[in-house]
Amino acid sequence: MSGQQPPSEHFLSLCVENLESGMDENFMRSCFFEHIKRGKLVYLRSINNQTTGDYGLLEFKTHAIADYVLRSYNGRVISRTSYQYQLNWATDESSIFVGSLGNTVTCYILRDNFLKDYTSVKGANVVIDKVTGQTKHYGFVRFGDQEEQKHAMSHMNHTSCANGRMVIQPAKSKKGKKERSI
Numbered sequence: 001m002s003g004q005q006p007p008s009e010h011f012l013s014l015c016v017e018n019l020e021s022g023m024d025e026n027f028m029r030s031c032f033f034e035h036i037k038r039g040k041l042v043y044l045r046s047i048n049n050q051t052t053g054d055y056g057l058l059e060f061k062t063h064a065i066a067d068y069v070l071r072s073y074n075g076r077v078i079s080r081t082s083y084q085y086q087l088n089w090a091t092d093e094s095s096i097f098v099g100s101l102g103n104t105v106t107c108y109i110l111r112d113n114f115l116k117d118y119t120s121v122k123g124a125n126v127v128i129d130k131v132t133g134q135t136k137h138y139g140f141v142r143f144g145d146q147e148e149q150k151h152a153m154s155h156m157n158h159t160s161c162a163n164g165r166m167v168i169q170p171a172k173s174k175k176g177k178k179e180r181s182i
């Protein structure tokens with residue numbers, strides 16, 4: 001998703017998705033140390049959420065720096081780990097919960113399944129069990145347009161995705177999340 005375009009030049013924040021156990025604020029600080037040292041990374045937060053998985057938020061000094069980090073880091077393996085950076089623009093998008101996903105469904109398959117009909121799709125996340133490394137059979141799809149999100153909820157429910165039938169519901173608010181400032 002490194003070619004992902006932000007909704008506007010005003011966006012300065014990125015979301016680091018699917019963080020594994022131990023990838024806390026200190027870990028993230030070490031990954032982005034050069035940007036912190038140079039004053040380019042101005043805000044970093046780790047969010048622990050049992051429903052959607054752990055993720056981090058990064059806010060950069062300028063849009064150009066955020067865009068550079070997205071293009072440069074996304075998909076690369078983090079040194080001393082087998083984890084790949086999964087970066088997306090952090091925006092106020094509308095999301096849906098997608099259940100009953102098969103074992104072969106990846107973030108890219110899920111995203112592309114919706115993107116063929118909905119141009120405002122901003123990304124997708126298939127939740128992975130941190131212990132087994134296997135899918136938990138559910139994920140989330142983010143839309144930039146609330147009307148498309150509503151349409152997808154009614155028209156994509158029980159449709160096929162990689163030989164399985166998706167069950168779609170509104171994504172719950174992140175009010176239950178436990179946040180840690182970094």
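Just so you know, full-length UniProt numbering puts 113 at position 113 of the sequence shown, and the rest follows in order with no gaps. No residue lacks a Cβ here, since even glycine has one placed at the ideal position from N, Cα and C. Since the model is a prediction, treat every value here as computed from it, not as a measurement.
To the nearest angstrom, report how far apart residue i and residue j are at their CA atoms.
i, j, result
"S173", "L14", "Its pLDDT being 49, under 50, S173 is placed unreliably in this model, and the coordinates cannot settle the point."
"G99", "R38", "42 Å"
"I128", "K40", "31 Å"
"Y68", "L58", "13 Å"
"T81", "C31", "11 Å"
"G144", "I65", "22 Å"
"D112", "A90", "19 Å"
"T51", "S95", "Residue confidence is low: T51 scores 47 on pLDDT, short of 50, so the model does not pin down where it sits. Its coordinate-derived value is still stated next. Cα-Cα distance, rounded: 13 Å."
"K116", "R165", "17 Å"
"I78", "S72", "12 Å"
"S154", "R76", "36 Å"
"K150", "H137", "22 Å"
Which residue or residues does DSSP assign as beta-bridge partners of residue i?
i, result
"C15", "L57 and N88"
"N125", "F140"
"C161", "G164"
"Q134", "According to DSSP, Q134 bridges with nothing at all."
"S95", "R142"
"L44", "L58"
Grab me the residues of residue i's own chain with a C-beta within less than 7 Å of its C-beta, minus the 5 sequence neighbours each way, in chain order.
i, result
"E20", "Y83 and K130"
"N163", "G102"
"I182", "Unreliable positioning characterises I182 in this predicted model, as indicated by a pLDDT of 28, which lies under 50. The coordinate reading is nonetheless provided below. Contacts found: E25, M28, R29, L44, R45 and S46."
Below 8 Å between beta carbons: does that hold for residue i and residue j?
i, j, result
"T135", "V126", "yes"
"G56", "L70", "no"
"Y118", "E148", "yes"
"F97", "M156", "no"
"V42", "F27", "no"
"E17", "N88", "yes"
Rank the options by C-alpha distance to the C-alpha of residue i and give the top, closest one.
i, options, result
"T104", "L12, I65, H35 and G139", "G139"
"G123", "K116, R76, V141 and T132", "V141"
"N54", "G22, Q169 and S79", "The sequence given here places Asp at residue 54; Asn does not occur at that position. The shortest C-alpha separation from D54 is found at G22."
"G133", "T106, C161 and I36", "T106"
"C161", "R76, H137 and L110", "L110"
Cutting at 8 Å between CB atoms, please list the residues of its own chain near residue i, excluding the five before and the five after it.
i, result
"V167", "V98, G99, S100, N157 and H158"
"A152", "I96, F114, D117, Y118, V141, F143 and I168"
"I36", "R29 and L44"
Keeping to the same chain, check which residues put their C-beta closer than 6 Å to that of residue i; ignore five residues upstream and five downstream.
i, result
"Q146", "S94"
"A171", "S95, I96, F97 and F140"
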